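For reference, the structure is listed below as structure tokens.
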């Protein structure tokens, strides 16, 4: 489950307010059995979520499209985790600053060391939530087409199209001097992607 | 919002049971202002969700990683929709069969016509939920690095890495005769992807 969580960049965070469900996409980082979540202090929902109510956090990766000979057996290859716990707002500025560095490294490992840590004003403008995972489950579907053997006689193609998140162009900010090399974290991130699946 | 929903393949569906939130990834299709959801009849949660309780459905696309010179200004480019409504289970077999064809075409347009429609046994094993969107909001972040102008003097690189879901290898099922051409839907799907962003 940690591997599935660590491979993701956006979690869908659910919680209930007076029986009304909310599902909000958020950036996150995992440290041990804790999920750190991140949002603007202007978000009323972040404050509600941080009041210690029950939360459910879901992370899903799409790995492939499974095209069967029948509508019914069409499927996806995927990895997902659904985790439960209660979130609380971090107050300590040092803990919040460290959490921000974890968010940055969760996106591009090593990037936090290549950029400026948060200052007091920025920390005051940031809600960081900490959720210890109380319970969680994972679901994985992989492999090829499964289904009705009788369908093999149908005149339809069947197979799997692999899917994944990929990097595209890297666009330096206009303030970066032309010819500046990419930083080590970005180069490593692009290399780690490897060839297409 | 329809464009953001139509570009997705998995929705994160949230609902509350006795104050406990659940967020479940599900395949879906959009028809007009209705979201169709899909799950196994073995799923107790699908039945609960289909009893007409409030639901919240979130679809998110990651378009880029925004690497700023400060931790605080790191961000993502994304498009997301959060939609609210109540789901009900479809009973009518013809409506369920049509919904299954919509799910197939939502993954790979044109694929439903190239595969067998669901039979009575398959329909009985499938829960299809229909949710009319009562309310929804979209959030989009695009463009480059934003943040503290004073940071431009720091000795750090800044820029954006484009991201998107991409197709990889196509693996025909072992029952497909060697040399069989890809069906029109799959060829069009691969072509529609275009060059890297």
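Residue numbers (this note's numbering), protein chains in the order written: chain A, 1 to 197; chain B, 1001 to 1197. We treat Cβ as the ideally placed atom computed from N, Cα and C, and that holds for glycine. Remember, predicted model here, so these are calculated numbers, not experimental data.
Report back the beta-carbon spacing between residue i and residue j to the nearest angstrom; my notes put them in contact at under 8 Å.
{"i": "residue 186(A)", "j": "residue 1053(B)", "result": "Not quite, the Cβ-Cβ distance comes to about 45 Å (not below 8 Å), so this is no contact."}
{"i": "residue 63(A)", "j": "residue 145(A)", "result": "14 Å between Cβ atoms; not a contact."}
{"i": "residue 1154(B)", "j": "residue 108(A)", "result": "That pair is no contact at about 17 Å."}
{"i": "residue 1166(B)", "j": "residue 166(A)", "result": "4 Å"}
Given that a residue counts as buried once 16 or more other Cβ atoms are within 10 Å of its Cβ, and exposed if not, what is residue i?
{"i": "residue 180(A)", "result": "exposed"}
{"i": "residue 1120(B)", "result": "exposed"}
{"i": "residue 1143(B)", "result": "exposed"}
{"i": "residue 1083(B)", "result": "buried"}
{"i": "residue 1192(B)", "result": "exposed"}
{"i": "residue 149(A)", "result": "exposed"}
{"i": "residue 118(A)", "result": "buried"}
{"i": "residue 172(A)", "result": "buried"}
Given residue i, which residues of its chain have a CB within under 7 Å of its CB, disregarding the five upstream and five downstream residues?
{"i": "residue 104(A)", "result": "111, 112, 115"}
{"i": "residue 1096(B)", "result": "1090, 1123, 1126, 1128"}
{"i": "residue 39(A)", "result": "26, 46, 127"}
{"i": "residue 59(A)", "result": "4, 5, 8, 11, 80, 81"}
{"i": "residue 1102(B)", "result": "1029, 1031, 1036"}
Who are the Cβ neighbours of residue i in its own chain at under 8 Å, not counting the five residues just before and after it?
{"i": "residue 1006(B)", "result": "1030, 1106"}
{"i": "residue 1002(B)", "result": "1030"}
{"i": "residue 267(A)", "result": "Given that chain A is displayed from residue 1 to residue 197, the structure contains no residue 267(A) and the question cannot be resolved."}
{"i": "residue 55(A)", "result": "13, 14, 15, 49, 84, 85, 86, 87, 131"}
{"i": "residue 147(A)", "result": "68, 69, 70, 72, 73"}
{"i": "residue 1033(B)", "result": "1132, 1133"}
{"i": "residue 1170(B)", "result": "1182, 1186, 1190"}
Would you call the CB atoms of residue i and residue j closer than 8 Å?
{"i": "residue 12(A)", "j": "residue 1017(B)", "result": "no"}
{"i": "residue 1164(B)", "j": "residue 168(A)", "result": "yes"}
{"i": "residue 25(A)", "j": "residue 10(A)", "result": "yes"}
{"i": "residue 1100(B)", "j": "residue 1037(B)", "result": "no"}
{"i": "residue 1157(B)", "j": "residue 178(A)", "result": "no"}
Output needed for residue i: all residues of its chain with C-beta closer than 6 Å, excluding positions within five of it in sequence on either side, in chain order.
{"i": "residue 140(A)", "result": "79"}
{"i": "residue 1075(B)", "result": "1066"}
{"i": "residue 1137(B)", "result": "1082"}
{"i": "residue 1189(B)", "result": "1108"}
{"i": "residue 1135(B)", "result": "1084"}
{"i": "residue 43(A)", "result": "none"}
{"i": "residue 51(A)", "result": "none"}
{"i": "residue 151(A)", "result": "69, 70"}
{"i": "residue 1093(B)", "result": "1123"}
So within the stretch 16–40 of chain A, which uninterrupted beta strand (DSSP E) runs reach at least 3 residues, ignoring any that extend past its ends? 20–31, 34–40
Ranges of the beta strand (DSSP E) found wholly within the stretch 1110–1188 of chain B, counting only runs of at least 3: 1126–1141, 1159–1172
Secondary structure, alpha helix (DSSP H): runs of 4+ residues fully inside the stretch 1038–1104 of chain B: 1044–1049
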